[in-house]
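Enquirer: Residue numbers (the working numbering), protein chains in the order written: chain A, 667 to 999; chain B, 667 to 999.
#1: Can you give me the start and stop residues for the alpha helix (DSSP H) that residue 888 of chain A sits inside?
#2: Quick check on residue 977 of chain B - is its C-beta less than 8 Å from some C-beta in chain A?
#3: Express the C-alpha separation of residue 707 of chain B and residue 886 of chain B in angstroms, rounding to a whole number.
#4: Distance, Cα to Cα, residue 688 of chain A vs residue 845 of chain B?
#5: Looking at chain A, is there any beta carbon in it that lies within less than 8 Å of the beta carbon of residue 872 of chain B?
#6: Taking the continuous alpha helix (DSSP H) assigned at residue 746 of chain A, which residues delimit it?
#7: For residue 840 of chain B, would you say it is in contact with chain A, using Cβ-to-Cβ distances shorter than 8 Å as the test?
#8: What residue range does the alpha helix (DSSP H) around residue 712 of chain A cover?
#9: Going by beta carbon distance, what residues of the same chain come within less than 6 Å of residue 915 of chain A, once the five residues before and after it are set aside?
#10: Who are the Cβ neighbours of residue 799 of chain B in its own chain at under 7 Å, not counting the five residues just before and after it?
#11: Chain B beta carbons: is any one of them nearer than 8 Å to that of residue 707 of chain A?
#12: Taking 8 Å as the CB-CB cut-off, is residue 850 of chain A touching chain B?
#13: For the candidate residues B:691, B:936, B:792 and B:671, whose alpha-carbon lies nearest to that of residue 727 of chain B?
#14: For a cutoff of 8 Å on Cβ pairs, would you count residue 876 of chain A as touching chain B?
#15: By the DSSP assignment, the beta strand (DSSP E) with residue 771 of chain A in it spans what residues?
#16: Comparing C-alpha positions only, which one of B:705, B:925, B:714 and B:713 sits nearest to residue 725 of chain B?
#17: Counting contacts by CB-CB distance shorter than 8 Å, is residue 833 of chain B in contact with chain A?
#18: Would you check if the distance between the CB atom of residue 761 of chain A and the CB atom of residue 991 of chain A is smaller than 8 Å?
#19: Identify the contact partners of residue 856 of chain B in chain A, using a Cβ-Cβ distance below 7 Å as the criterion.
#20: Can you look up residue 703 of chain B in the DSSP assignment and give me helix, strand or coil?
#21: Check whether the region 774-789 of chain A and the region 801-809 of chain A are in contact - that is, three or more C-beta pairs closer than 8 Å.
#22: Just mark residue 867 of chain A as buried or exposed, buried being the case when its beta carbon has 16 or more other beta carbons within 10 Å.
#23: Pull up the CB-CB distance for residue 709 of chain A and residue 719 of chain A, whole angstroms please, since I reckon it's below 8 Å.
#24: Could you have a look at residue 816 of chain B and say whether DSSP puts it in helix, strand or coil?
#25: Closer than 7 Å, Cβ to Cβ, to anything on chain A: give me those residues from the region 907-938 of chain B, in chain order.
#26: Of all the CB atoms in chain A, is at least one closer than 8 Å to the CB of residue 811 of chain B?
#27: Report the residues of the region 884-905 of chain A with a CB closer than 8 Å to any CB of chain B, ordered along the chain.
#28: Does the separation of the CB atoms of residue 930 of chain B and residue 763 of chain B fall below 8 Å?
#29: My output table needs one value for residue 944 of chain A: the three-state DSSP class, helix, strand or coil.
#30: Could you tell me the alpha carbon to alpha carbon distance between residue 921 of chain A and residue 892 of chain A, rounded to whole angstroms?
#31: Would residue 964 of chain B count as contacting chain A if we go by Cβ distances under 8 Å?
#32: Are the CB atoms of residue 835 of chain B and residue 905 of chain B nearer to each other than 8 Å?
#33: Would you kindly report the start and end of the unbroken alpha helix (DSSP H) that includes residue 994 of chain B?
#34: To the nearest angstrom, how far is the alpha carbon of residue 690 of chain B from that of residue 860 of chain A?
#35: Name, please, each residue of chain B whose Cβ falls closer than 7 Å to the Cβ of residue 967 of chain A.
#36: What residue does the beta strand (DSSP E) around residue 689 of chain B start on, and which one ends it?
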């Protein structure tokens, strides 16, 4: 297996750091690993499982000398550099939402539509974290039973707003304990002991962009525009795993037992579903785990024999971002 | 208006204390207020808006001398004392789930089915907190559009487990900040920075009792057994307001505008729904408020013209318990 020259753009961010970890944990064949971050960090050395690596400024030269670029530095940077990355025949795997809805940009979860990745024109998009986590459970069910309706309510961790989001929760916790005032900075409102039903901007239809992403992206990844999907996205005071309460209506009849049989075999999924032993998905346990926890599986009371209800928890930084991006890169090894 | 002799059973608990506060805030005509709590507390004086009141042991005599008994001391106490309360012509308003599903016991939210309260045979049940909070928004919509399907995911505060639940969250917060280990006691798992999709015991169908309560109680209060209702109940690290993400399918076509018009007029509801100003229901703001906050109203993408999606936050101890109980008592003044 030939080693690859890989560059991580946004290497000091929460997702960037996890990308480096995932490259190591997945034994990605690295020839040379380069790290790019903002000017503020450039020149500093970052401790990585590949040794200390000096952080570089972004430049066309870096991409000219790389085979694969993992981008996680925000939509702005991705848009600004796309042309120069592609022109230099460096494959761009982008964690931002910048290109996800472009017809010519595959939106990929390797366990679901690896084939789409092969049809890329230089850029592959990584899905939104909430979408990716739900999709791990939904796609196997879609293949087996056909999904007609998907209704999602989310419980999203502060890591969704990056390292700063997590820091803010920890700071507010400290300030509360010390009797100090809490001043929200990253989140619009206090997040400690509170929840905020507002992530990303609002669309004209009253949904947030975060909520619409779940709808748009699931349809694109599953290649099925007929599935009706709605989502309520809520930020909650947890650190790095997202949870989702999901109700589905299926074309074929479904049951708890049938669903479990399918999900037991699904890749990237761990069944945590033994209520007699108080085992169900929880962010505390799903954090730092590659697999998405799925449990609380039960026949849904609203859709009857064609309905199922369940709960998932998945690491937002891993399946929701870094792990998925590195797994996409692995398709090209 | 003739004053009533009222006794609060479970007066030192989180709900009991709020019952006393509500009696004052609603200007309930009190002739004599008596407080009953466990033997441990008996003899102590409790500071109340009605002055210092000595806590008594439970006894048949107390009920013989009272017109109304507000019970919030758990199902066991309610079951044990029911006969002796009723025999003494003291109206029992019970916050526990002990009698809610008995045919002859009205389950009442005064804004919805006050008439049912009048048909009591000595006992009236107060609904589950999650049910009561959702019902404030759902019933006006039911009357106007006819509810066919209701899908709920909850974000439930630690107060649902009483004062001890809230204490546990605060203790875990303190321990975390001080770098100490966290040992769950009241909740099955750590609740700080975590969520637990498990409240009350599990039923055979895979739902928890807490989830089934929403289904059973909504049907009973709305007097409509045909509405299909499903719920996922999740404990989250907040203090005293429950939130719920709710999707409905209606018989008549519904729209954002129509729904807002109906909810604006609804009693016990406060529309907090201006996303342009980042106004939506949040537990932080809904705490200590009588009205249930309703917002994020939007046409649902799954049920189309017959579908609506919204978010509610309501004080668990008030609308979810004490306030509703005192409002029931007011029907008899």
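Just so you know, even glycine gets a beta-carbon here, dropped at the ideal spot from N, CA and C.
Expert: The short version:
#1: Taking the first chain and counting its residues from 1, one reaches residue 888 of chain A at position 222. 875-888 is the extent of the alpha helix (DSSP H) around residue 888 of chain A.
#2: Residue 977 of chain B sits at position 311 when you count from the first residue of the second chain. At least one chain A Cβ lies under 8 Å of residue 977 of chain B.
#3: Mapped onto the second chain, residue 886 of chain B falls at position 220. Mapped onto the second chain, residue 707 of chain B falls at position 41. Answer to the nearest angstrom: the Cα atoms are 36 Å apart.
#4: Taking the first residue of the first chain as position 1, residue 688 of chain A is located at position 22. Taking the first residue of the second chain as position 1, residue 845 of chain B is located at position 179. Rounded to the nearest angstrom, the two C-alpha atoms are 29 Å apart.
#5: Taking the first residue of the second chain as position 1, residue 872 of chain B is located at position 206. Closer than 8 Å to some Cβ of chain A, the Cβ of residue 872 of chain B qualifies, so yes.
#6: Numbered from 1 along the first chain, position 80 holds the residue referred to as residue 746 of chain A. It spans 741-753 - the alpha helix (DSSP H) in which residue 746 of chain A sits, taken as one unbroken run.
#7: In the second chain, counting from the first residue as 1, residue 840 of chain B sits at position 174. Chain A, which has a Cβ nearer than 8 Å to the Cβ of residue 840 of chain B, makes this yes.
#8: Looking up residue 712 of chain A in the first chain gives position 46. Element bounds for residue 712 of chain A: not the alpha helix (DSSP H) but the beta strand (DSSP E), 711-714.
#9: Your numbering for residue 915 of chain A matches position 249 in the first chain. Cβ neighbours of residue 915 of chain A beyond the five flanking positions: 814, 815, 969, 972 and 973.
#10: For the purposes of this step, residue 799 of chain B is taken as residue 133 along the second chain, with counting starting at 1. Cβ within range, chain order: 908, 910, 958, 978, 980, 985 and 986.
#11: Residue 707 of chain A sits at position 41 when you count from the first residue of the first chain. By this cut-off, residue 707 of chain A is not an interface position.
#12: Within the first chain, residue 850 of chain A is the residue found at index 184, counting from 1. With 8 Å as the cut-off, residue 850 of chain A does not count as an interface residue toward chain B.
#13: Start at 1 with the first residue of the second chain, and residue 727 of chain B comes out as number 61. Nearest C-alpha to residue 727 of chain B: B:671.
#14: In the first chain, the residue the question calls residue 876 of chain A occupies position 210. For residue 876 of chain A, the answer is no, since every Cβ of chain B falls outside 8 Å of its Cβ.
#15: By 1-based counting over the first chain, the position of residue 771 of chain A is 105. Careful: residue 771 of chain A lies outside any beta strand (DSSP E) and carries neither H nor E.
#16: Start at 1 with the first residue of the second chain, and residue 725 of chain B comes out as number 59. The candidate whose alpha carbon is nearest that of residue 725 of chain B is B:705.
#17: Stepping through the second chain from its first residue, residue 833 of chain B is reached at position 167. It does not: the Cβ of residue 833 of chain B has no partner Cβ on chain A nearer than 8 Å.
#18: Looking up residue 761 of chain A in the first chain gives position 95. Looking up residue 991 of chain A in the first chain gives position 325. Contact: yes.
#19: As a position in the second chain, residue 856 of chain B is number 190, starting the count at 1. In chain order: 950.
#20: As a first step, residue 703 of chain B is located in the second chain; it is residue number 37 there, counting from the start. Note: residue 703 of chain B maps to coil in three-state DSSP.
#21: yes
#22: What you label residue 867 of chain A is simply residue 201 of the first chain in a count that begins at 1. Under this definition residue 867 of chain A is an exposed residue.
#23: On the first chain, residue 709 of chain A is found 43 positions in, with the first residue counted as 1. On the first chain, residue 719 of chain A is found 53 positions in, with the first residue counted as 1. Contact flag wrong, Cβ pair sits at about 12 Å.
#24: Locating residue 816 of chain B in the second chain gives position 150, where the first residue counts as 1. It is a strand residue.
#25: 909, 911, 913 and 922
#26: The residue labelled residue 811 of chain B in the question sits at position 145 within the second chain. Not one chain A Cβ lies under 8 Å of residue 811 of chain B.
#27: 894, 895, 896, 898, 900, 902, 903, 904 and 905
#28: In the second chain, counting from the first residue as 1, residue 930 of chain B sits at position 264. In the second chain, counting from the first residue as 1, residue 763 of chain B sits at position 97. Not in contact: residue 930 of chain B and residue 763 of chain B (Cβ atoms no closer than 8 Å).
#29: Residue 944 of chain A sits at position 278 when you count from the first residue of the first chain. Note: residue 944 of chain A maps to coil in three-state DSSP.
#30: Walking along the first chain from the start, residue 921 of chain A turns up at place 255. Walking along the first chain from the start, residue 892 of chain A turns up at place 226. The alpha-carbon atoms of residue 921 of chain A and residue 892 of chain A are separated by roughly 22 Å.
#31: Position 298 of the second chain, counting from 1, holds the residue named residue 964 of chain B. It does: the Cβ of residue 964 of chain B has a partner Cβ on chain A nearer than 8 Å.
#32: Taking the first residue of the second chain as 1, we reach residue 835 of chain B at position 169. Taking the first residue of the second chain as 1, we reach residue 905 of chain B at position 239. Yes, the pair counts as a contact, with Cβ atoms nearer than the cut-off.
#33: Mapped onto the second chain, residue 994 of chain B falls at position 328. Here the alpha helix (DSSP H) through residue 994 of chain B covers 989-996.
#34: As a working note, residue 690 of chain B is residue 24 in the second chain. As a working note, residue 860 of chain A is residue 194 in the first chain. Roughly 28 Å separates the two Cα atoms.
#35: Mapped onto the first chain, residue 967 of chain A falls at position 301. Going along chain B in sequence order, the residues near residue 967 of chain A (Cβ under 7 Å) are 881, 894, 895 and 896.
#36: As a working mapping, residue 689 of chain B is identified with position 23 in the second chain. Looking at the DSSP string, residue 689 of chain B is not in any beta strand (DSSP E); the run it does join, the alpha helix (DSSP H), is 680-691.
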